[in-house]
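Protein chains in written order, with this note's numbering: chain Z, 138 to 524; chain C, 1028 to 1156; chain L, 57 to 296. Yeah, the Cβ is synthetic: ideal placement off N, Cα and C, and Gly gets one too. Notes follow the structure.
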Amino acid sequence: MSKPHVIVIGAGFTGTAIAHDLALRDFDVTVVERGPIASGTSGRTHGLLHSGGRYAVKDQESAIECIEENIILRKIVPEVIEPNGGLFVALTESDLAYKETFIQGCEACGIPVDEITPQEALRLEPNLNPKVLAALIVPDGTFDPLRLALSFAASAKKNGATYHLFTEVVDMLLDGQGNVTGVKVWDRANNTRYEIHSDMVVNATGAWVGQITQMAHAHVPITPTPGIMVAYDQRLVNRAINRLNRPSDGDIVLPQRRLAVVGTTSFSIEEVDYVPIDRSQVDLMLERGAELIPAIRQAKERGVYMAVRPLIGASGPGRSISRTFKAYDHKELDNVEGLVTITGGKATTCRAMAEKTVDIVCQKLGLNIPCTTAAAPLTSYREFYSR
Amino acid sequence: MEPQKNDPKNLWDWFNPKGRNVGGWAFILNRIAALGLVFYLYLHLFVLGKLAQGPQVFDQFIATAKSPLYILGELLVIAAALYHGLNGVRVLLTSFNIGVPQQKQMFYTALLLSVLGTLVFAVRMFTVH
Amino acid sequence: MWKITYRVHRQKGNEPPHYETFQVEVDPEEYVLDGVEKIWASEDRSLTFRHACHHSTCGACGMRVNGVEKLTCITKIKDVVQDGGTLTVEPLRNFPVVSDLVVDLGPLYRKMAAVQAPAVHALSMTPWEGQNIAPPADIPMRSADEEYIRLPDCIECGICISACPVAATDPEYFGPAPLAAIQIQGLDKPELLALADSQEGVWRCHSAFECSAVCPSNVDPGRRIMDLRRQVSAKRLKLA
């Protein structure tokens, strides 16, 4: 019997990680992506390798996923990660009051947390606000967004996956019963159209999953929730600096190469392909970022960008929706066979999202092949282009 | 397309001034000066060849060589040689990582000295003869 | 809001390239890449371009803007055009064009792999830090034997190769980014010395310094190539 053929739609973190997982489990894999690698939400993340600390109080399911995957990614893809840790700092009495809750949350989720003196915090991060009242160290990290996705993509390619970049899915191929048997695509680079047949289609299009499910007369409840990020032209910190409080706007400053990035906000939109920049949010990032790192005021703005998170569930305030992920079998949801959708989650948990998705694919195809991605080091991201 | 090795149609890119910066201009001028000097070398050999054709032919040539147009040509040779030599010093120094952050100022200096040198020669050639 | 015209290089498959113009309404504070994305989102879904991080850390969005190599995600529209004006965007030079504004950076990535360019490195391995940046060695980790790890300055965008007049006629020339990656590592490894001290290594450079003028990431490849030349010369003199 020939290998089962799976089409993965989307080459962001989730799609490339799924392709890698499928290829390791010996599937015949085709990735279809309408743009280049990581050109949607994935490329535009702030690049925080979550320790889980940010969710340890309100969203412990996500926090546990984060710390587990954080440890795995450090092992399998060290060449895209700055593993320098993160600080949660208290600047006000209200922050200070949150400290015990935070520590308890971290301990409940298995996140190593270590309190250091404000003096020590200032020695480690000289640009920190000198008014720091308390500081906690957690195993945060930062990663290069494009190169993380490229590492998964290159590993999948090495194991036989094929990529159709700049190739947009324009329709689903359905059999007489409305089950999915493949996709119709438009190759935007060569302006050609063709069909690809498969045994299963995985919809890993993040904030765009609705457009794909619609073509199969299926549906998934997600809320596209953009947030702004502002990059400044100096590397003012060497680790992730978080405000010790409940997640809110502009409460994190991250190093990226020679930059510092401040994020983020959370609001709702309808149109996800082009999200205009709201300058008042840029000002807010400067103001909130400068509370953590006052030297940001002396740095120059270098880039401003918006990323659209695909949060699961119906509309509601973005911060209250869980950051966990969910895979949907549309046979169960809409009685449509041949289509699996994965969405939600975070960059940090993309490998686990892939594992869960491919488990469902295996189950649906009656196969029993275990996942091995947690222990398989990824190949160099450069091999995606050079091979 | 990715350039093919020694594809003559890409040679234009050496001289394409679009979007060039100071260092790029130094490079372009250096190439033009070098090509000019190579052209002059052949011209020079051609003129020397006239010696073999006897004294009359050579004297006749020397007479035409005193025309202002010819002097202008010689000045171009001097300008090219001065610039190519002085820029050579700049390239030599920077190749030992000396003064790389000042390479623009060094280019301006080489250019200025070449212009001044050429002017000195111009004055002498147009007045002394 | 400004009304400007984007003049965009278009090329599909084996068809000959042409230019197409788009009238776009933009905020002058937006970046050139935002305008390109807006054209794709609302005018022409067939437009192809490379992009990912939108803040100069990934190196995907290098293009030529009005003939000059730019990282379009950090190039503000107001800095390259005026209200009512025209802005030309073209793919990078010296790489194979895949489609429209997309080039194949494969040749660069192969060279970066060949010179073992570090994907991450110790913080202290970044000499020549920019202005107002504390010397990295002075910032301690929690214990003395730990060292900060950081991603390098070079984002492998290909902009230096596109601007290099030597790369225009010699695709085998290693080019600015790979040579700079050798300089950062030093010449202790014999294979790196051999690559640097070869016909397609440091000696191929003709000192136009265009790479340093266009580098969006403070790598200053021109100066690093010159320093590599000095190092290679020193090694040769010692051997002699």
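- Message: Please list the terminal residues of the continuous beta strand (DSSP E) segment that includes I144(Z).
- Response: Residues 142–146.
- Using the DSSP secondary-structure output, state which residues sit across from H356(Z) in a beta bridge. H356(Z) is not bridged to any residue.
- Whole alpha helix (DSSP H) elements within the stretch 1063–1099 of chain C, 4-residue minimum: Counting only runs of 4 or more, we get 1082–1091.
- Query: Taking only runs of the alpha helix (DSSP H) that begin and end inside the stretch 400–488 of chain Z, which ones reach a length of at least 4 residues, in chain order?
  - Reply: Listed in chain order, the alpha helix (DSSP H) elements of length 4 or more contained wholly in the stretch 400–488 of chain Z are 416–429, 467–471.
- Query: Helix, strand or coil for Q356(L) per DSSP?
  - Reply: Given a span of 57 to 296 for chain L in the structure shown, any question on residue 356(L) remains unanswerable.
- Query: How would you label Y280(L), buried or exposed, when you count the other beta carbons within 10 angstroms and need 16 or more for buried?
  - Reply: Reading the sequence as shown, one finds Arg at residue 280(L) and not Tyr. Per the 10 Å Cβ criterion, buried.
- Select from the stretch 1052–1069 of chain C all residues with a C-beta closer than 9 Å to any C-beta belonging to chain L, and list them in chain order. Residues of the stretch 1052–1069 of chain C with a C-beta atom less than 9 Å from some C-beta of chain L are W1052, A1053, F1054, I1055, N1057, R1058, listed in chain order.
- Message: Can you tell me where the beta strand (DSSP E) holding Y27(L) begins and where it ends?
- Response: Residue 27(L) is absent from the model: chain L starts at 57 and stops at 296.
- Message: Within 10 Å of its beta-carbon, does D283(L) have 16 or more other beta-carbons around it, so buried, or fewer, so exposed?
- Response: So D283(L) counts as buried.
- Going by beta carbon distance, what residues of the same chain come within less than 6 Å of D336(Z), once the five residues before and after it are set aside? These residues qualify, in order along the chain: P141, H142.
- In the structure shown, what three-state DSSP assignment does E228(L) receive? Three-state result, E228(L): coil.
- Item | Within the stretch 241–266 of chain Z, ranges of the alpha helix (DSSP H) (whole runs, at least 4 residues) | If we require 4 residues or more, the alpha helix (DSSP H) runs fully inside the stretch 241–266 of chain Z come out as 255–261.
- Message: Going residue by residue through the stretch 285–325 of chain Z, where are the continuous beta strand (DSSP E) segments of at least 3 residues, counting only ones entirely within it?
- Response: Restricted to the stretch 285–325 of chain Z, the beta strand (DSSP E) segments that are unbroken, complete and at least 3 residues in length are 299–301, 304–311, 317–324, listed in chain order.
- Task: Take every Cβ of the stretch 221–233 of chain Z, pair it with every Cβ of the stretch 266–273 of chain Z, and state whether three or more of those distances are shorter than 8 Å.
- Result: The stretch 221–233 of chain Z is in contact with the stretch 266–273 of chain Z.
- Sequence-distant residues of its chain with Cβ nearer than 6 Å to I506(Z) (five each side left out): Same-chain partners within the cutoff: R162, C499.
- Leaving out five residues before and five after T142(L) in sequence, what residues of the same chain have Cβ atoms less than 6 Å from its Cβ? Closer than 6 Å at Cβ, skipping near neighbours: T61, R63.
- For H157(Z) versus T480(Z), is the C-beta distance shorter than 8 Å? Against a cut-off of 8 Å, the Cβ pair of T480(Z) and H157(Z) comes out as no contact.
- For V171(L), which of helix, strand or coil comes out of DSSP? Assignment of V171(L) by DSSP, reduced to helix, strand and coil, places it in the coil class.
- Task: Measure the C-alpha to C-alpha separation of A154(Z) and A286(Z) and round it to an integer number of angstroms.
- Result: For A154(Z) and A286(Z), the distance between alpha carbons rounds to 8 Å.
- Message: Any beta carbon of chain Z sitting closer than 8 Å to that of A236(L)?
- Response: Chain Z contact via Cβ: absent.
- Task: Identify which residue in V322(Z), D251(Z), T254(Z), E428(Z) has its Cα closest to the Cα of T167(Z).
- Result: The residue with the shortest Cα to Cα distance from T167(Z) is V322(Z).
- Item | C-beta contact flag for S199(Z) and R460(Z) at 8 Å | Yes, these two residues count as a Cβ contact at 8 Å.
- If we cut at 8 Å on Cβ distances, does S1122(C) have a partner in chain B? Here chain B cannot be found, since the structure's protein chains are Z, C and L.
- Message: So for E76(L), helix, strand or coil by DSSP?
- Response: Looking at E76(L) - three-state DSSP - the assignment turns out to be strand.
- Query: Does the beta carbon of A368(Z) sit closer than 8 Å to a beta carbon anywhere in chain L?
  - Reply: It does; some Cβ of chain L falls within 8 Å.
- Message: Between the alpha carbons of H334(Z) and A341(Z), how many angstroms are there, rounded?
- Response: Approximately 17 Å between the Cα atoms of the pair.
- What whole-angstrom Cβ distance do S176(Z) and Y165(L) have, given they're in contact under 8 Å? Between S176(Z) and Y165(L) a beta carbon distance of about 18 Å is seen, past the 8 Å cut, so the two are scored as non-contacting.
- Residue nearest to M422(Z) in terms of C-alpha spacing, selected from V445(Z), M366(Z), E474(Z): Considering only alpha carbons, the answer is M366(Z).
- Taking 8 Å as the CB-CB cut-off, is Q348(Z) touching chain L? Not an interface residue.
- Item | Within 8 Å, strictly: CB atoms of V270(L) and V124(L) | A contact, by the Cβ cut-off of 8 Å.
- Query: Going along the chain, which residues of its own chain have a beta-carbon closer than 7 Å to the beta-carbon of I189(L), five neighbours each way excluded?
  - Reply: Residue placement at I189(L) is poorly supported in this model, since its pLDDT is 44, which falls under 50; the coordinates still yield a value, given next. Counting only Cβ-Cβ distances below 7 Å, and skipping sequence neighbours, we find nothing.
- Would you kindly report the start and end of the unbroken alpha helix (DSSP H) that includes S218(L)? If you look at S218(L), you'll find it in the alpha helix (DSSP H) that goes 215–219.
- Item | L103(L) to S288(Z) span [Cα, whole Å] | In a straight line, the C-alpha of L103(L) is about 26 Å away from that of S288(Z).
- Query: Cβ of I130(L) versus every heavy atom of the ligand ZN: is any distance shorter than 7 Å?
  - Reply: As far as ligands go, the structure on display features none, and thus does not contain the ligand ZN.
- Message: Assuming V288(L) is part of the alpha helix (DSSP H), what are its boundary residues?
- Response: Element bounds for V288(L): 277–295.
- Message: With a threshold of 8 Å between beta-carbons, can D281(Z) be considered close to chain L, or not?
- Response: Interface with chain L (8 Å Cβ-Cβ cutoff): D281(Z) is included.
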